[in-house]
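Under full-length UniProt numbering, the first residue of the sequence shown is numbered 1, with each subsequent residue one higher.
Yeah, the Cβ is synthetic: ideal placement off N, Cα and C, and Gly gets one too.
Only one structure is covered here, and it is reproduced in the block below.
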Amino acid sequence: MYKKGHISLQYAAGRFGQHWKRQSGTGRSCVVGMTGGKVHTMAIKLINIGFGNIVSANRIISIVSPESAPIKRIIQEARDRHMLIDATYGRRTRAVIITDSDHVILSAVQPETVAHRLSTKDDEHDE
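What follows is the structure, encoded as structure tokens:
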């Protein structure tokens, strides 16, 4: 079950009989899923995209610069669909983050900086 010192939150996933638990306490967070007696774990990786805004690294598809016309169209289409998240705090948009849920996130941090933070997080979890 749980190790001593862990805090857990249990969520029953309805008719499929899946139970999801969130564990934390040792500096790492992970989601534990129990399906048919098997335990599945997935580390939650979060990256800072500026001004204290944090995005799940597992959901990021691409990090691009906003200067090109196709990216500007993607931003406008996301705004029209209410899928745009502006995390620039009124500053100039320097990075556009596209997620697997079709959300488009605007950041005031350079794309290279966000990518470096993402690769640094990947290196930490590999150890």
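Contiguous beta strand (DSSP E) elements confined to the segment 93–120 occur at 95–99 and 104–107, taking only those with 3 or more residues.
Taking C-beta separations shorter than 7 Å and ignoring five residues to either side along the sequence, the partners of Thr88 in its chain run Leu106, Ser107 and Ala108, following chain order.
Assignment of Ile61 by DSSP, reduced to helix, strand and coil, places it in the strand class. DSSP lists Leu46 as the bridge partner or partners of Ser56. Straight-line measurement puts the Cα of Ile85 at about 8 Å from the Cα of Arg79. For Ala87, DSSP records a beta bridge to Ser107. Rounded to the nearest whole angstrom, the CA to CA distance from Thr120 to Gln76 is 31 Å. Ile61 places its beta carbon less than 8 Å from that of Asp100.
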